[in-house]
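Comments concern the structure below.
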Amino acid sequence: MYYRRVGNVPPKRHTQHRDASGALHAEEVMGEEGFSSDSSILYHLAIPSAIVDATPWTPGDLTTTTNQPLLPRHLALHGLFPGQEWKAADPVTSRRLVLGNADVRISYVVAGETSPLYRNAVGDECVYVESGQGVVETVFGTLPVVGGDYVLLPRATTHRWLPGGDEPLRCYVIEANSHIAPPARYLSRYGQFLETAPYCERDIHGPDGPLLADELHADVEVLVKHRDSRGGVTGTRYVVPTHPFDVVGWDGCLYPYTFPVSDFEPITGRVHQPPPVHQVFEGAGFVICNFVPRKVDYHPLSVPVPYYHSNVDSDEVMFYCGGNYEARKGSGIGQGSVSLHPGGHSHGPQPGAVERSLGAESFDELAVMVDTFRPLELGEGGVASDDGRYAWTWAGRGPAR
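Take the working numbering: the final residue in the sequence shown is number 753, and no numbers are missing along the way.
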């Protein structure tokens, strides 16, 4: 990401930086890939390594079930938090795992409570805010969030979510086992967004100022999700003697930010464009795309909805979060649905959708898509939200049993 400077930093890195009383600030370098990639330098009032207690923490039910027999599935996520359950839920510990593999985990949460302080030491998090509003407080500063925002949180960023308003905060959470970044093909060799990219630096919003907690010197709990010795995911609950939000300034190219999906400029053409033109981010073993309201194909014989296609290398996960997705009409899919189209199964428009789309000039639809390059398994939230009928909707009938 591009360079930012926030708060009070010295003119030269790795040199003494003192406050007005002469006390020395603690310099912390937070860097990716063994300090061979993007990094930032943060200046703390206290030592960021200090801990006074540590106990195991289990970060929810992360078990998964194989998609066997191989089926396309419709997962109705809004049913995972019925009634007023969201009022007692928070955006971190109340997440329910929907799908996952060795590269990425996809969860869903509807929340009204402030989350604990938390950092994910396994990989970056990309959170799509379906609806609601609030703020994300981070060690880098504060990010206001509203429905339609992507929130990108680099690995090991200490933060907490504070939902606001009378409505719940609905979040679709994509957790990587790697870093998440804009596609390399959108960037120059020096890291600037190219003119051909569908968004640019002006659309990315990082923290504007440092965040200092009201009470710095008091024991505080921080939940840390991290890897175990077998390659799985586990957690630790630290108690630290000073609040992590004690940073007076930082600079660098690694920091959390928001990106409104409404600032994504769709790429269209005379005939149907393939999914890579809709890509917004990428991680190791997966890509993230979004389908936004747009003009559609203008060839006189164009077919605006997608052709039937077989993702031979990918599982395709589509989260429907706005408008009307033309290709899925008649399938039962609606706002808050996820479709899983696994590699090895050809999929495409529902019966009648092709004819209905002919002559359309625009689509009013909003969806976030994750394509993975390893098979996905169902988490407990995925099993609980599966409608059990979607696989048979193209044929109009299911197995005789």
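Beta carbons: idealized from backbone N, C-alpha and C, even for Gly.
Where residue i falls: helix, strand or coil (DSSP)
i	result
Val706	helix
His630	helix
Tyr502	strand
Asp667	strand
Tyr742	helix
Val678	Looking at the sequence shown, residue 678 is not Val but Glu. Reduced to three states, the DSSP call for Glu678 is helix.
Val564	As written in the sequence, residue 564 is Leu, which differs from the Val given in the question. In the structure shown, Leu564 sits in a strand (DSSP, three-state: E or B).
Leu495	strand
Gly431	helix
Ala441	coil
Asp371	coil
Val312	Nothing in the structure corresponds to residue 312, since the chain is present only between 353 and 753.
Tyr551	coil
Phe725	coil
Asn472	strand
Ile685	coil
Tyr542	coil
Gly386	coil
Gly486	strand
Arg582	coil
Arg512	strand
Terminal residues of the beta strand (DSSP E) in which residue i lies
i	result
Ser483	Glu477 to Ser483
Glu465	First-last for Glu465: undefined, no H or E at that position.
His578	Val572 to Arg579
Val690	Ser689 to His693
Met353	Looking at the DSSP string, Met353 is not in any beta strand (DSSP E), and its letter there is neither H nor E.
His426	Arg425 to Ala428
Ile556	Where Ile556 is concerned, there is no enclosing beta strand (DSSP E), given that its DSSP letter is neither H nor E.
His396	Ser391 to His396
Ala712	Ala712 -> no beta strand (DSSP E), and no H or E assigned at all.
Arg589	Val585 to Val592
Arg448	Arg448 to Gly452
Ala378	Ala378 to Gly383
Sequence-distant residues of the same chain with beta carbon closer than 6 Å to residue i, five excluded per side
i	result
Leu568	Thr594, His595 and Asp598
Asp501	Val481, Thr610 and Pro612
Gly635	Ala528, Ser530 and Ile532
Arg357	Asp603
Asp476	Pro506, Arg507, Ala528, His531 and Ile532
Asn663	Gly695
Gly464	Trp438, Lys439, Pro515 and Pro520
Pro627	Cys641
Glu617	Pro550
Val629	Ile619
Leu397	Asp598
Residues near residue i in its chain [Cβ-Cβ closer than 8 Å; skip 5 each side]
i	result
Ala712	Val648, Pro656 and Glu678
Leu539	Phe545, Leu546 and Ala549
Ala508	Met382, Arg471, Asn472 and Ala473
Asp580	Thr586
Ser391	Val381, Met382, Gly383, Glu384, Gly604, Cys605 and Leu606
Gly411	Here the sequence assigns Pro to residue 411, which means Gly is not the residue at that position. Same-chain partners within the cutoff: Thr445, Leu575, Lys577, Val585, Thr586 and Gly587.
Gln368	Pro362 and Leu376
Phe633	Cys478, Tyr502, Leu504, Ile532, Ala533, Pro534, Pro535, Val639 and Ile640
Pro424	Ser691, Leu692, His693, Pro694, His697, His699, Tyr742 and Ala743
Glu553	Tyr354, Gln544 and Phe545
Phe387	Val381
His651	Arg622 and Val623
Boundaries (first-last residue) of the alpha helix (DSSP H) holding residue i
i	result
Val755	Past the boundaries of the shown model lies residue 755; the chain is included only from 353 to 753, so the question cannot be answered.
Glu732	Glu732 to Ser737
Close-in-space but distant-in-sequence residues of the same chain around residue i (CB under 7 Å, 5 per side omitted)
i	result
Gly484	Gly499, Pro515, Gly517, Glu519, Pro520, Leu521 and Arg522
Glu489	His511, Arg512, Leu514, Leu563 and Phe597
Ser666	Gly695, Asp723, Thr724 and Phe725
Val706	Val655 and Val657
Ser446	Val461 and Ala463
Trp409	Leu575, Gly587, Thr588 and Arg589
C-beta neighbour in chain E for residue i, strict 8 Å
i	result
Ala372	The question asks about chain E, but that chain is absent: this structure has only one protein chain.
**Asked** Fully enclosed by the segment 597-663, which beta strand (DSSP E) runs are 3 residues long or longer?
**Response** The qualifying runs are 599-604, 609-612, 631-635 and 638-643.
**Within the segment 514-539, ranges of the alpha helix (DSSP H) (whole runs, at least 4 residues)** = Restricted to the segment 514-539, not a single alpha helix (DSSP H) segment is unbroken, complete and at least 4 residues in length.
**Message:** For the pair the segment 708-722 and the segment 636-654, tell me if three or more CB-CB distances fall below 8 Å.
**Reply:** A contact exists between the segment 708-722 and the segment 636-654.
**Message:** Count Cβ pairs between the segment 726-739 and the segment 435-455 that sit closer than 8 Å; are there 3 or more?
**Reply:** With the cut-off at 8 Å, the segment 726-739 and the segment 435-455 touch.
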